[in-house]
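Beneath this line is the structure, given in structure tokens, with notes to follow.
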Amino acid sequence: MMKLRMMIVMVGIIAFFSGSAFAQDTVVREFSGSGGKNTRPFTVKNGWEIHWDAKGDIFQLYLYTANGDMAGVPANQQGSGKGSSYQAKGGHYYLQVNALGNWAIKVVQTGGQSSSGEENKSKSKATSSEIATFSGSGGKNTRPFTTTGPWEIQWDAKGDIFQLYLYTADGDMAGVPANQQGSGKGTSFQPKAGKYYLQVNAIGTWSIKIVPIR
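Going by our numbering, 2 is the number at position 2 of the sequence shown; the sequence numbering is gapless.
See the structure below:
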């Protein structure tokens with residue numbers, strides 16, 4: 001009887017931690033289509049993400065408030081493929097899709113976790129000397145990452161344009177770390193610790209590493 005009680009207590013503890021301390025991403029809405037259209041409005045809290053799977057040569061997303069005011073350009077992807085774009089501020093929004101071919105979108109409420117050595121849970125191969133890594137094609141926002149001291153952005157861009165805009169996790173602009181014309185590698189030092197995300201504006205594919213400077 002004592003063992004049974006202990007097992008029940010342990011199950012309760014595991015359920016509590018898995019449901020609260022380790023909050024998971026939650027899908028708020030799903031959309032799919034072919035070519036261009038506007039989605040229906042949806043409501044999200046602070047810290048959310050757009051996931052997509054596009055099958056055509058062009059996939060662009062424009063974010064609007066439910067009142068019709070433009071709030072950003074979450075995606076500008078050349079070529080087919082999957083991607084994601086973090087959004088800091090919650091609200092009532094809809095998406096305008098400009099695309100060739102079929103596509104599917106998920107609006108996801110993040111569980112509050114930063115990128116800790118993984119980019120959107122799948123694409124990052126960060127080592128112990130890296131805070132986070134990201135990769136993509138065209139424009140998107142990365143998930144937030146946390147730095148504890150001076151740090152550096154390292155990139156390898158394959159297209160004609162590569163620009164980076166640095167934001168705090170709350171959505172306030174903190175700088176323009178990169179504005180590169182042409183393909184190539186580069187770095188940009190950042191002195192202040194904090195929780196940030198990057199807005200990437202690019203043509204072509206790219207990869208980014210966030211590295212601590214000691």
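Ideal Cβ positions, reconstructed from N, Cα and C, are used throughout, including at glycine.
- The closest CA to that of Y165, considering only E30, G149, G184 and P144, is found on P144.
- Across the structure, K185 and Q154 are spaced so that their CA atoms are roughly 7 Å apart.
- Looking only at Y94, F162, D172 and V73, the smallest Cα-Cα distance to S207 is reached by F162.
- In the DSSP secondary-structure assignment, E152 is bridged to F189 and V211.
- When the Cα atoms are used, D53 and G101 turn out to be separated by approximately 11 Å.
- Residue burial annotation: G136 is buried, with at least 16 other C-beta atoms found within 10 angstroms of its C-beta.
- A distance of 9 Å or more separates the beta carbons of I203 and D156.
- DSSP lists F162 as the bridge partner or partners of Q180.
- For K55, same chain residues with a beta-carbon under 6 Å away, outside a window of 5 residues either side, are S80, G101 and N102 in chain order.
- Note that the C-beta distance between M70 and L63 is below 9 Å.
- From the listed residues W151, N98, N76 and A75, the smallest Cα separation to S129 is found for W151.
- Residues A193, P212, I213 and R214 of the same chain have their beta carbon placed closer than 8 Å to that of G149, with the five preceding and five following residues left out of the count.
- A straight line joining the alpha-carbon of G182 with that of K158 spans about 8 Å.
- Three or more beta-carbon pairs separated by less than 8 Å link the region 25-43 to the region 88-99, which places the two stretches in contact.
- Taking all protein chains in view, the Cβ of V108 is crowded by 16 or more other Cβ atoms within 10 Å, so the residue is classified as buried.
- For T168, the closest of R40, G72, V28 and Q87 by C-alpha to C-alpha distance is Q87.
- With contacts defined by Cβ atoms closer than 9 Å, P41 and A66 form a contacting pair.
- In the DSSP assignment, the residues bridged to N98 are Q60.
- By alpha-carbon distance to G91, the top candidate from K106, Q180 and G47 is G47.
- About 7 Å separates the beta carbon of Q78 from that of I58, a gap short enough to meet the 8 Å contact definition.
- Ranked by Cα distance from L95, the options N38, T43 and K140 are led by N38.
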